[in-house]
Amino acid sequence: MKYVDFRKFTDENGARPVYLFEGEETYFRERGAALLKDRFLKDPVLDYTAFDGGALKGDKLKTLLSALSSFSFSGGKRFVKVSEFYPTEKDYENYLRDLFEHPPEDGVLIIDNAGKGKAGCAALSRKPGVVFVDCGRSDEETIKKWIYVTCKRAGVYVDGVTCGKLAAYCVYDMSRIAKETEKLLIYCEAKGLSRLTDAVVDEAVYPDSEYKIYELSNAISRKNYSAFARILGELSSKGFDEISLLNALCYHFRSLYEVSVSGGSDREVAAALGMKEYAVKKSREQAAGFARGSVLGYYTDIYGAVSAVKSGELTSPSALKRVTAKLFFGKAGKR
């Protein structure tokens, strides 16, 4: 199941003996384990043990089995968490099969894995009795659903458009989204608001600098110099100097170009380029708004200006002025 469905599952099923939180989103993995501990662990000092999975191989797995089978000091559940745990099929058969098929009644095993492990590792997500929670990189719809459900639980209504704006402002980073959502709910409570609107998000959440670079690029594609100048001013006020802005724009247009010439689905391109799937989707949408061939031209012009600064040919302010003149008043992008 996806993490956004995990709380409901827990509400309906109570504590289960084995949980596997697997995926790149650290926030989801940490919050999943915290939810279980908050609900079912009576004594977090005496009835909780944590292991490094890398140290549990062969006979050392008996330490894990012993910890899970120990009696609870509080009379409740005994929790054992193991991180980055990738046992081989041989170790599973020799030591773990009985644990998974006949787990101790009062034990709860939490496995926290960022990945699936190397070839030859046991496929824990398919083992009997395992509650598998997919904590992989979230797509746009999953994140919007998380924001919606979190606000709903707090008695605050938010529509899909506003969820999308908040996610975009945070560049779909779950750690920041969680913090900003918490902040917005406190704000709504203090103001007596039952609805989270675009206006509230604009007032209380400052867009991530990466999102502002995305806005800069949109202004360039529309040849909207006033918007470009305004966003430059906002970024400058947040500590971006001229060379930082040029480097950020250079990287952004390089990514736009790479995505625009890559074949395959958003997911496949994301995996190939080391990007998030949402970023590929948005980059493709944005690249489509530029004239044919201009994305590579803009990248070349900006890269040339950055190189001129590094070689001492131009100062940073002069380089930014030259790039701005080419982007809006010259022949930048003409190949």
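Here my numbering is used: the first residue of the sequence shown is 360, the next is one more, and so on.
Ideal Cβ positions, reconstructed from N, Cα and C, are used throughout, including at glycine.
Predicted model, so just to flag it, every value in this text is computed and none were measured.
By the three-class DSSP mapping on this structure, what secondary structure does F687 have?
Note: F687 maps to helix in three-state DSSP.
DSSP on D471, reduced to helix/strand/coil?
Reduced to three states, the DSSP call for D471 is strand.
Thinking G648 and S580 are a contact (beta carbons under 8 Å), I'd like their distance in whole angstroms, please.
That belief holds up - the Cβ atoms of G648 and S580 are roughly 4 Å apart, short of 8 Å.
Kindly indicate which three-state DSSP category D532 falls into: helix, strand or coil?
DSSP places D532 in coil when its eight states are reduced to three.
Expressed to the nearest angstrom, what Euclidean distance is found between the alpha-carbon atoms of L686 and G623?
Roughly 30 Å between the two C-alpha positions.
Is E381 helix, strand or coil by DSSP?
E381 falls in the strand class under three-state DSSP.
For a test of the three-state rule: what should DSSP assign to V682, helix, strand or coil?
V682: helix per DSSP, three-state reduction.
Using the DSSP secondary-structure output, state which residues sit across from D411 in a beta bridge.
Paired residue(s): S442.
In terms of residues, what are the limits of the beta strand (DSSP E) holding V490?
Where V490 is concerned, the enclosing beta strand (DSSP E) stretches over 489-493.
Decide yes or no for the touch test of the region 528-539 against the region 567-582: beta carbon pairs closer than 8 Å, at least 3 of them.
Enough Cβ pairs lie closer than 8 Å, so yes.
Report buried or exposed for R437, applying the criterion of at least 16 other Cβ atoms within 10 angstroms of its Cβ.
Buried is the call here.
Taking the alpha-carbon positions, what's the F368 to Y662 distance?
Going from the Cα of F368 to the Cα of Y662 covers about 50 Å.
Helix, strand or coil, according to DSSP, for K361 in the structure here?
Reduced to three states, the DSSP call for K361 is strand.
When we look at the beta-carbon of R388 and count the other beta-carbons within 10 Å, is it buried (16 or more) or exposed?
Buried, since its Cβ has 16 or more Cβ neighbours within 10 Å.
Give me, in chain order, the residues of the same chain whose beta-carbon lies closer than 6 Å to that of L615; leave out the 5 immediate sequence neighbours on both sides.
Excluding sequence neighbours, L615 sits near S642, A646, V654.
Quick check for students: name the residue ranges of the alpha helix (DSSP H) that lie wholly in the region 604-675, counting only runs of 4 or more.
Counting only runs of 4 or more, we get 625-632, 636-646, 653-670.
Under the DSSP definition of a beta bridge, which residues are partnered with G466?
Partner(s): R437.
Grab me the residues of L455's own chain with a C-beta within less than 7 Å of its C-beta, minus the 5 sequence neighbours each way, in chain order.
Within the same chain, L455 has close Cβ partners L420, P446.
Distance check for I602 and Y386, CA to CA, integer angstroms please.
Whole-angstrom Cα-Cα distance: 33 Å.
Counting pairs of Cβ atoms below 8 Å between the region 553-561 and the region 660-676, do you hit three or more?
Result no; under three Cβ-Cβ pairs closer than 8 Å.
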